[in-house]
Amino acid sequence: MKNTLISSAIAFALTVPLSVISSQVHASTSGIITGSNTANKILNFDVAGVPNINQIQDTGLNTLMSLSADQAQAISHFQAANPNAQVNINQATGTVDAITGMTVKTAGTSVENMARNFITDNQQIFEGLSNDQLKYNRNRSKAALGGQVVRFDQVVDGILVDGNGLGVVIDGNNNVRAIMGPYQKALTVAGQPGLSADDAVLMATRNLVQFQKNIPAEAMSILTPAYELIAAELGVFKTPIPELRIVQTADSHSLVWQFYYYSTNPFGVFKYMVDAQTGEIVYREDQVRTAEEPQPTDQFADYFPTFPPITKELQDSCEIVDADGGLTGTPEGLLRIKLRKFDETNRVTGVGSVLTGTNALILNASSSKLPFAQAALGTYYFDQDAAPLYGRVNEKDHTAEPAQQFDGISQFIYITNLMEYLDYLHKDGDDVHARGFGSGSFPDQYPNESTPLVGVVHIPNVFMALEAQDIDFSDPELLNKIVNLDNAFAIPLTQEIGGQEVVVNPTFYGHGYYFNNLAIDFSVPMHEGTHATITPIAGFEGSPEGGALNEGQADLWAYTIGETPDLGSYPVAGCGLRDLLRENGTDPDSFEYIRSGQSQLRYSQLGTRGDDFEVHRDGEIYAGAMWDLREIMLEMYPANDFARPDPTTGEATQLTSLGKETWERIFLGSMYVLGVSAPDTFVKARDAALTADAMLYPTDSVDAKSLGQHHAIIERVFAARELGLNASAPLGGVQMISTAVSEFTADQEAPAAPQNIVATITTPDTIEVTWNEVDNAIGYQILKRKGGSPARLFAGVPGREYVDGDIENNGYTHVEFVSNASYSDKGQGFGRGAGQGIDAYDYQYVVRAIEVNASGQVGFSKLSGTAMTQLKTTDITDNIEYKFSNYLVPDGQVSIDYTLTNTGDVDLFGPINFNIVSINNTRVTLDNADNGGTGQDGDTATFTYNESLAPGMDSSARTYVFNNPRFEQFTFTAEVFAKVLMPSQAANGSQAPVDKSPSADRTVVYHNISEHKGLVAIGTTDVEVADGVDYVDVVFTAQTSAQSIVATLTADTEVGGAYPDLDFSMLDSEGNVMVTSGNLGPSEQVGSTVVGGESYTLRVKGYANGPTQFTIVLDQMVLNESDASTEASTAESAVGSVELVEFVVNPANGTIMVVEPDDVKSVTAAPMMGTTATL
């Protein structure tokens, strides 16, 4: 929920260069900092040089497979016997993708045997899969969630089918609680490779040559030791180990060689799949994830528990000041602690910048480091400059000695904190918590539980050869940019070698060039460290969502440990970055962070970062849903009854609420469920959370079949992100979205709907929505839709369309969960900051109250009444002054720049439409109108100014180009419309939500949206007098490929003087009523299937009210893109009378004359930029 947070820490993870994203454009577009390649290198994702290849995901929709009749019947019988079971089908394989909400008793002599017996007992559900194809994965199978998670990999003829198999979750009472698929039920693939393993590696080598860059010798002298250090930490993975795999591609299956390939130029650890017959590259993805005994004597260190305070001196001059603002005293916030789990041998090895301990192994990659004599004393103090022993922490020079050693000890402490936190969740924190079924929710052995996590500080810019721009050898700062990396990364690799699972997961930290030092921000190892430790647990296999889940979960651990939803506040406060932004016309204060758990991205926006999948941006969708769940749980369970390790002492004395405790256990539990799933998707992550909740927090601890205590709220937060009941993962790069929930969740007892909803424009960038509080509500959900449109809020972009999985929806889209009775809408927040300004003023808002009901589940109220900003389209022709400039007369044309000035006394809100409605010369037409109109009678030409004008303010200039082949004088008539703010109207009552919907077919649906306006003259009760009097008929013809329509009616609450109440119906071509809506209030909606080419009527009927102006937004769902249109009618329906203004353009004598609207007989000279227009 949106709250003002006073953070104890700010989390951060940098994997790719910082993204600049403007919330005032589509979420698919990144705002580019113009005028500087340097700024774009640092601030935009497009510098990555080795794109992913994924022929597995590029499978076209023609490969969809259905369940067989026997499978479908078996699943139907299974669900009849298990009413809470939800079954998701993978349409690429025609097999089970996941079964959750189930409780089925099984038996056997071992966990493996129990899982196999369940599969055998339900063989018809798993048609096409035999037990001898299931290879037990002992490394992924483990005790967890009070029971066991079991993984079987599918093997055909001894070859692993990549990403296929079955995961089985069994509770402590031997009940199967979840199944994770999919598997392949029809395989035809050559059994023997035509390409050797060595040749496959050679193909990968050749494939990377195209991305190599010429790196100068001076640079290589810095980079080579770093590359060698990384190779040493990769261990066996520094050399490819090819293994045969079977993968699904296009319309068939392929035999491929799979291996990891470590490359230094370009830098990366690439997962390759090479076709074993043809040598074609099937898959390529970089795996670099970017952003023992007690000591016998005490040793001490200085560190920042979070990071140095962000002060004006830090932002402007990169200076870390003391409490008095000086540069000589102890830096503000620096804390001295006794080191723990820190080896005594560090008195020797620390001199060489190597630090070891129970949880951490720290190395230093700096090529300029000197021996650190202070380590021999057992101290790591950085509060003063007293060379050669002591050096004050230095943000201006990251390689200064001995201050550069501060990075190493900071990372040691931070990694120790992280591992103590994870250890507590797995062990002591697990012991004090009530169990689900069985004993021991989490295993005591987990990655890095007994093996130190490697952290390498001062890593140079090993990504240099990945930059899209050629390296500028003449740049005098080149070597500094190589030494000072603006990044941090982890390389989590796991592979079974000789029957043993080998895990390698080192982490690396740069100290920044433009950014502040990443190594002294505690949250960097929180993120990178959980990449390293959680990846071997969950796997995060599969593209495009496996990597996005990995980024999302690493963000979430940094958020929850740091008690903040924001990542990267300290690094982006760097004076170098802020100077660079200023130089390129960007407000540095607009960069609040790198990413946030309060991102408002939704599943419809998956893969729209540059119209492609990008794991950090896409990961915000999953992280946002889970962070919403955490914030709601904090409201549900505020009591501080639990504890977490204190970062300064390691003791479990830091009080923690039951809400956080519950959320972290469900979150961690879901990671173990994902560990037996492949490929991993957002939908499976949702199901994993539901399964973990059911096993850790059953509604009835003695009823194994009960759902989890938080089932309803988990469904709700994922549905809010369009990951609802009917959602499914991308096939052929196209995902299916859904906002539907199960009957169990939809039918929960709920509070009353909020009342007195008011939407007010408070600033040009903000719409404030307020309402009355609802008794006992723990929070509220705000939803909105665009201008009454029933279409989804984000329509997709060309090439990144999605499938709407819900047959029914009302267009209201989730915006935010809040705990207070107000919300400031400043536009969609994602990426670098919260909303950067509202993008339109015609949004309609509804609010739902959230309450914990008597059962302990969460119920959502009905929708409130619809609140709208009271912007009314108004003829403002007589309040506009016109200025002309840049008059040009190209061959056969006249070109004029028009600037509009607001001469009225009220704000004019955009879009401002300048409509040319007639031209007196039929040979003169508009050439470049926004709507394509010619300006001739009946073909209005519209020029739209997408801006708002305060009184006295000038618009930007728009160029009008007239076709004038004979160079003749002509006169055109125009009208100008803008929106003017009227007094706000409160919305009351309630509306039925569309929480349940049948699932749609996996077909990309386009939208044909049109707008129709009218006036009902009088209101009646049950008698229809005449069309155009007490009712108005709007007739439309369904588009040829139309399948269904949704029509939304909204009434103008200003016209007529009474609160409007209209009824709305849809009739077929013979006048039969197909569907009717008769809610109390000004908003109605009808929908129905239609036949392409047939005519239908939308009837608006007045009911006991005076004259009412209305707007109908008609959305036809069409299958052919050629039938799609999102352009509403350009006809203006204004409050008040219509004014016109005439312009006389005379190319012969060089004047433009304006006929004033208030005196048609007066003619004044209109200037180019003043009072006289001389051409």
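One point on numbering: in the numbering used here, the residue at position 46 of the sequence shown is 46, and numbering is uninterrupted.
Quick reminder that beta carbons are idealized off the backbone N, C-alpha and C, glycines included.
Everything numeric in this text was worked out from a predicted model, so none of it was measured.
Q.
Taking the straight line between their C-alpha atoms, what separation do you get for valine 1155 and serine 895?
A. Rounded to whole angstroms, the gap between the alpha carbons of valine 1155 and serine 895 is 20 Å.
Q) So, is valine 104 buried or exposed, given that buried needs 16 or more other C-beta atoms within 10 angstroms? A) Classification of valine 104: buried, given that the 10 Å Cβ count is 16 or more.
Q: In angstroms with no decimal places, state the Cα-to-Cα distance between phenylalanine 437 and aspartate 700.
A: Legend: pLDDT at phenylalanine 437 = 40, less than 50; position of this residue unreliable, value from coordinates given subsequently. For phenylalanine 437 and aspartate 700, the gap between their C-alpha atoms comes out near 11 Å.
Q) Where does phenylalanine 307 fall in DSSP's three states? A) When secondary structure is reduced to three states using DSSP, phenylalanine 307 falls in the coil class, being assigned neither helix nor strand.
Q | Meets three-Cβ-pair contact criterion under 8 Å: the segment 1139 to 1147 and the segment 972 to 984 | A | Yes, the segment 1139 to 1147 touches the segment 972 to 984.
Q: Note down the Cα distance separating aspartate 472 from aspartate 579, rounded to an integer number of angstroms.
A: For aspartate 472 and aspartate 579, the distance between alpha carbons rounds to 21 Å.
Q) Which two residues bound the contiguous alpha helix (DSSP H) that contains tyrosine 622? A) For tyrosine 622, the uninterrupted alpha helix (DSSP H) segment begins and ends at 615 to 636.
Q) Does the beta-carbon of phenylalanine 276 have 16 or more other beta-carbons within 10 angstroms, so that it is buried, or is it exposed? A) Reading the sequence as shown, one finds alanine at residue 276 and not phenylalanine. Counting the other Cβ atoms within 10 Å of the Cβ of alanine 276 gives 16 or more, which makes it buried.
Q: Compare the C-alpha of leucine 64 against each of Ile75, Gln91, Ala712, Asn175 and name the closest.
A: Residue Gln91 is the option with its Cα nearest to leucine 64.
Q. For isoleucine 632, which of Thr1111, Ile713, Thr901, Phe909 has the nearest alpha-carbon?
A. Measuring C-alpha to C-alpha distances from isoleucine 632 to each of Thr1111, Ile713, Thr901, Phe909 identifies Ile713 as the nearest.
Q. So glutamate 233 is in the alpha helix (DSSP H); what residue range does that whole segment cover?
A. It spans 217 to 234 - the alpha helix (DSSP H) in which glutamate 233 sits, taken as one unbroken run.
Q: Could you tell me which uninterrupted beta strand (DSSP E) segments, each at least 3 residues in length, are contained entirely in the segment 493 to 563, listed from first to last along the chain?
A: List check, beta strand (DSSP E) in window: 493 to 497, 500 to 504, 507 to 509.
**Q.** serine 1077 and alanine 753 closer than 8 Å at C-beta
**A.** No. Outside cutoff.
(Q) Looking at valine 456: is its Cβ nearer than 8 Å to the Cβ of phenylalanine 515? (A) No, the Cβ-Cβ distance between valine 456 and phenylalanine 515 is not below 8 Å.
Q. On the premise that isoleucine 459 lies in contact with leucine 478, defined as a C-beta separation below 8 Å, what is that separation, rounded to the nearest angstrom?
A. Between isoleucine 459 and leucine 478 the Cβ distance is about 17 Å, and since that is not below 8 Å, they are no contact.
Q | Touching by the beta-carbon criterion (3+ pairs, under 8 Å), the segment 383 to 400 and the segment 617 to 624 | A | At 8 Å Cβ cutoff, the stretches do not touch.
Q. Does the Cβ-Cβ distance between aspartate 407 and lysine 427 come in under 8 Å?
A. No. Outside cutoff.
Q: Can you have a look at glutamate 541 and say buried or exposed, based on whether 16 or more other CB atoms are within 10 angstroms of its CB?
A: The residue in question, glutamate 541, is buried, as its Cβ has 16 or more Cβ neighbours within 10 Å.
Q.
At the 8 Å Cβ level, is proline 331 part of the contact set with chain B, yes or no?
A. Of the protein chains in the structure, only one exists, and it is not chain B.
Q. Assuming leucine 361 and valine 454 make a contact with CB atoms under 8 Å, what is their CB distance in whole Å?
A. Rounded, the Cβ-Cβ distance is 5 Å, consistent with contact.
Q) Given 8 Å as the limit, is there contact between the segment 590 to 599 and the segment 566 to 573, that is, 3 or more CB pairs closer than that? A) Taking a cut-off of 8 Å on C-beta distances, the segment 590 to 599 touches the segment 566 to 573, as three or more cross pairs fall below it.
Q: Just mark asparagine 338 as buried or exposed, buried being the case when its beta carbon has 16 or more other beta carbons within 10 Å.
A: The sequence shown places lysine at residue 338, not asparagine. The residue is exposed, with fewer than 16 neighbouring Cβ atoms inside 10 Å.
Q. Rounded to the nearest angstrom, how far is the Cβ of isoleucine 1009 from that of serine 789, given a contact under 8 Å?
A. About 6 Å; that satisfies the 8 Å criterion.
(Q) Residues in the same chain with beta-carbon distance under 6 Å from glutamine 969, minus the five sequence neighbours each way, listed in chain order, please. (A) These residues qualify, in order along the chain: Asn1146.
**Q.** phenylalanine 718 vs isoleucine 520 beta-carbon contact at 8 Å
**A.** For phenylalanine 718 and isoleucine 520, no; Cβs fall outside 8 Å.
Q. For the candidate residues Tyr513, Gln495, Gly499, Ile807, whose alpha-carbon lies nearest to that of asparagine 505?
A. Ranking Tyr513, Gln495, Gly499, Ile807 by CA distance to the CA of asparagine 505 puts Gln495 first.
**Q.** Completely contained beta strand (DSSP E) runs for the segment 231 to 269, where each covers 3 or more residues
**A.** Taking only runs of at least 3 residues, the beta strand (DSSP E) segments lying wholly in the segment 231 to 269 are 243 to 249, 252 to 264.
Q. How many Å lie between proline 309 and isoleucine 320 at the Cα?
A. Cα atoms of proline 309 and isoleucine 320: separation of roughly 8 Å, rounded to the nearest angstrom.
**Q.** Straight-line gap, glycine 357 to alanine 373 (C-alpha atoms, nearest Å)
**A.** Per the coordinates, the alpha-carbon of glycine 357 lies some 19 Å from the alpha-carbon of alanine 373.
Q) So does the segment 1089 to 1105 actually touch the segment 1028 to 1046, counting three or more Cβ pairs closer than 8 Å? A) The segment 1089 to 1105 and the segment 1028 to 1046 touch, with no fewer than 3 CB-CB distances between them shorter than 8 Å.
Q: Identify which residue in Pro965, Ser130, Tyr845 has its Cα closest to the Cα of alanine 986.
A: Nearest of Pro965, Ser130, Tyr845 to alanine 986, Cα basis: Tyr845.
Q.
So if DSSP puts lysine 1101 in a beta bridge, which residue, or which two residues, is it bridged to?
A. Tyr1031, Asp1063, per the DSSP bridge assignment.
Q | Residue burial classification, asparagine 726 (beta-carbon count within 10 angstroms, cutoff 16) | A | Answer is buried; the Cβ neighbour count reaches 16.
(Q) Tell me whether the segment 763 to 782 and the segment 820 to 831 touch, counting them as touching only if at least three CB pairs, one residue from each stretch, are closer than 8 Å. (A) Three or more beta-carbon pairs drawn from the segment 763 to 782 and the segment 820 to 831 are found closer than 8 Å, and the two stretches are therefore classed as touching.
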